[in-house]
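Please read the structure below before turning to the comments.
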Amino acid sequence: MPELPEVEAGRRSAERVAVGRAITRVHVADDPIVFERVPAARIRRALLGRRVQAIGRRGKHLWLELDRRPWPVIHFGMTGGFHTPEGSEVRLISSGKGRRAPLWPPRFTKLHLVFDDGGELAVADARRLGRIRLRHDPALEPPVSALGFDALLDVPTPAKFRALMTGRSAPVKALLLDQSFAAGVGNWIADEVLYQAGIDPRRRAGTLSELEIRRLRAKIKAVVATAVRVGSNSDRYPRTWLFHHRWGKNAAAMTGRGEKIRHDTIAGRTTAWVPKVQR
DNA sequence: CTCAGTGTTCAGTG
DNA sequence: TCACTGAACACTGA
Numbered sequence: 018m019p020e021l022p023e024v025e026a027g028r029r030s031a032e033r034v035a036v037g038r039a040i041t042r043v044h045v046a047d048d049p050i051v052f053e054r055v056p057a058a059r060i061r062r063a064l065l066g067r068r069v070q071a072i073g074r075r076g077k078h079l080w081l082e083l084d085r086r087p088w089p090v091i092h093f094g095m096t097g098g099f100h101t102p103e104g105s106e107v108r109l110i111s112s113g114k115g116r117r118a119p120l121w122p123p124r125f126t127k128l129h130l131v132f133d134d135g136g137e138l139a140v141a142d143a144r145r146l147g148r149i150r151l152r153h154d155p156a157l158e159p160p161v162s163a164l165g166f167d168a169l170l171d172v173p174t175p176a177k178f179r180a181l182m183t184g185r186s187a188p189v190k191a192l193l194l195d196q197s198f199a200a201g202v203g204n205w206i207a208d209e210v211l212y213q214a215g216i217d218p219r220r221r222a223g224t225l226s227e228l229e230i231r232r233l234r235a236k237i238k239a240v241v242a243t244a245v246r247v248g249s250n251s252d253r254y255p256r257t258w259l260f261h262h263r264w265g266k267n268a269a270a271m272t273g274r275g276e277k278i279r280h281d282t283i284a285g286r287t288t289a290w291v292p293k294v295q296r
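All residue numbers for the first sequence refer to my numbering, where the first residue is 18 and numbers rise by one.
In structure tokens:
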């Protein structure tokens, strides 16, 4: 479930499990899509025996900083994520007698690491839209180098933010989803931010007033920071958020305040918005 | 069986 | 060349 807050939660759990440990075993799935045809042996060679020094992140990309380069750079796509043997992301499946038992490593595991203290970390991705790459300096090489500001750590000043929006003719929703603009913003965050800022998602970005731009920037910061602060646990998102009501395109969908929610395809994505509030 | 889906890329268009 | 759009990608689960 990876927009920035989920990826950041993954980064922190990987930090707890991996930082300071050496990798003693590596299992690489045979998946030419996720690994972009890089041979499994090369992935293994880069990881085996290495010590993890830190876990980096920018937008929705993560990487393990090892004691030797290259480093693995991970993108979770739509369905990927980190898993640990006791972690909350571990999937439960039915075992033979109708009981539930954890499957380890999980289904669809692409990369499975075992550390010298016995800890383990797996990257799983059912839909295979995720990617695992090797880079010598992730921040300076694509795809990470092509990202815009990080929506948690590097939101530009109001003046710079405004400059980024001027002259843009794409719908503001499309601009928010553009990772070279705001790295880490995904579909639900874009909708949440536009709802809270009171902006119609179809508006062309360059037509927003200075006040609207300020509100938009402030809401990007607030929504992302809040979601990260509660560890991406959506049960703890404020009740006022559109988030809790936007899923499932039922015509009767309402916000907590009884405002009617509309679902349209904007910028090629299902967009939940509230015409009464968003102008 | 059909379709939507928390994401990105790339060909095509203007 | 640039900005933008929409289809394609791959697969699960409703």
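The beta carbon of each residue, even a glycine, is placed where N, CA and C say it ideally should be.
Problem set entry | Local conformation of D142 per DSSP, three classes | Here residue 142 is taken as the residue at index 125 of the first sequence, counted from 1. D142: strand per DSSP, three-state reduction.
Problem set entry | Status (buried if at least 16 other CB within 10 Å, exposed otherwise) for L21 | The count along the first sequence starts at 1 and reaches residue 21 at position 4. With 16 or more Cβ atoms within 10 Å of its Cβ, L21 is classed as buried.
For this session: Give the straight-line distance between the Cα atoms of H153 and R231, rounded to the nearest whole angstrom.
Result: If you number the first sequence from 1, residue 153 lands on position 136. If you number the first sequence from 1, residue 231 lands on position 214. The straight-line gap from Cα to Cα measures roughly 37 Å.
Problem set entry | D281, enclosing beta strand (DSSP E) - first and last residue | What you label residue 281 is simply residue 264 of the first sequence in a count that begins at 1. Where D281 is concerned, the enclosing beta strand (DSSP E) stretches over R279 to I283.
For this session: For L170, name the three-state secondary structure that DSSP assigns.
Result: Along the first sequence, read from residue 1 onward, the residue named residue 170 stands at position 153. Three-state DSSP puts L170 in coil, outside helix and strand.
Problem set entry | N- and C-terminal bounds of the alpha helix (DSSP H) containing W121 | Residue numbering aside, residue 121 sits at position 104 when the first sequence is read from its first letter. Segment: none, W121 is in no alpha helix (DSSP H) and carries neither H nor E.
Exercise. Going by Cα to Cα distance, which pick from R75, W121, A46 and L211 is closest to S162?
Worked result: Within the first sequence, the letter at position 145 stands for residue 162. Checked all of R75, W121, A46 and L211; the closest Cα to S162 is R75.
Exercise. Unbroken beta strand (DSSP E) runs of length 3 or more, entirely within the segment 34 to 87: which are they?
Worked result: Listed in chain order, they are 40 to 45, 69 to 75 and 78 to 83.
Problem set entry | Distance between H262 and R279 (C-alpha atoms, nearest Å) | Here residue 279 refers to the residue found at position 262 of the first sequence. Here residue 262 refers to the residue found at position 245 of the first sequence. Cα to Cα, the separation comes out at about 11 Å.
For this session: Consult DSSP for R219 and reduce its assignment to one of helix, strand or coil.
Result: For this step, residue 219 is matched to residue 202 along the first sequence. Judged by DSSP in its simplified three-state form, R219 adopts coil rather than helix or strand.
Exercise. Are at least three pairs of beta-carbons, each pair with one atom in the segment 228 to 246 and one in the segment 169 to 184, less than 8 Å apart?
Worked result: Taking 8 Å as the limit for Cβ pairs, the verdict is that the segment 169 to 184 does touch the segment 228 to 246.
Exercise. What is the DSSP secondary structure of L193, reduced to helix, strand or coil?
Worked result: Looking up residue 193 in the first sequence gives position 176. Three-state result, L193: helix.
For this session: Can you say whether L16 is buried or exposed, counting buried as having 16 or more other CB atoms within 10 angstroms of its CB?
Result: Outside the displayed span of the chain (18 to 296) sits residue 16, for which this structure offers no information.
For this session: Compute the distance between the beta-carbons of V210 and P155, then report whether it is under 9 Å.
Result: The residue given as residue 210 occupies position 193 in the first sequence. The residue given as residue 155 occupies position 138 in the first sequence. Their beta carbons are not under 9 Å apart, which means V210 does not touch P155 by this criterion.
Exercise. CB-CB under 8 Å to I60, same chain, minus the five flanking residues each way: which ones, in chain order?
Worked result: Counting from 1 along the first sequence, the entry for residue 60 is found at position 43. Cβ within range, chain order: V43, V45, F52, P89, L128, I149 and L151.
Problem set entry | Buried/exposed call for M271, threshold 16 Cβ in 10 Å | Position 254 of the first sequence, counted from the start, is the residue given in the question as residue 271. Looking at its Cβ environment, which holds fewer than 16 other Cβ atoms inside 10 Å, M271 is exposed.
For this session: With DSSP as the reference, please indicate the residues paired to L225 in a beta bridge.
Result: Residue numbering aside, residue 225 sits at position 208 when the first sequence is read from its first letter. Partner(s): none; L225 has no beta bridge.
For this session: Answer with buried or exposed for D142, where buried requires no fewer than 16 other C-beta atoms within 10 angstroms of its C-beta.
Result: Looking up residue 142 in the first sequence gives position 125. Answer is buried; the Cβ neighbour count reaches 16.
Exercise. Looking at C-alpha atoms only, which residue of V24, A284, E32 and R144 is the closest neighbour of P188?
Worked result: For the purposes of this step, residue 188 is taken as residue 171 along the first sequence, with counting starting at 1. Ranking the options by Cα distance to P188, first place goes to A284.
Exercise. So, V202 versus V241, is the Cβ gap smaller than 9 Å?
Worked result: Within the first sequence, numbered from 1, the residue matching residue 202 stands at position 185. Within the first sequence, numbered from 1, the residue matching residue 241 stands at position 224. Remark: C-beta atoms of V202 and V241 approach each other more closely than 9 Å.
Problem set entry | In DSSP terms, what T126 is bridged to | Taking the first sequence and counting its residues from 1, the one referred to as residue 126 is at position 109. Looking at the DSSP output, T126 shares a beta bridge with A141.
Exercise. Taking the alpha-carbon positions, what's the G147 to A199 distance?
Worked result: Numbered from its first residue, the first sequence carries residue 147 at position 130. Numbered from its first residue, the first sequence carries residue 199 at position 182. Taking the straight line joining both Cα atoms gives about 19 Å.
Problem set entry | Identified DSSP bridge partners for T287 | Residue mapping note: residue 287 aligns to position 270 of the first sequence, counting from 1. T287 is bridged to T282.
Exercise. Do you know how far the Cα of E227 is from the Cα of R108?
Worked result: Here the question's residue 108 lines up with position 91 in the first sequence. Here the question's residue 227 lines up with position 210 in the first sequence. Legend: pLDDT at R108 = 34, less than 50; position of this residue unreliable, value from coordinates given subsequently. Going by C-alpha positions, R108 is about 46 Å away from E227.
For this session: State buried or exposed for E23, treating a residue as buried only when at least 16 other CB atoms are found within 10 Å of its CB.
Result: One-based indexing of the first sequence puts residue 23 at position 6. With 16 or more Cβ atoms within 10 Å of its Cβ, E23 is classed as buried.
Exercise. Between E103 and the rest of its own chain, which residues show a CB-CB distance below 8 Å, the 5 nearest in sequence each way excluded?
Worked result: For the purposes of this step, residue 103 is identified with residue 86 of the first sequence, where counting begins at 1. Nothing listed; no residue qualifies.
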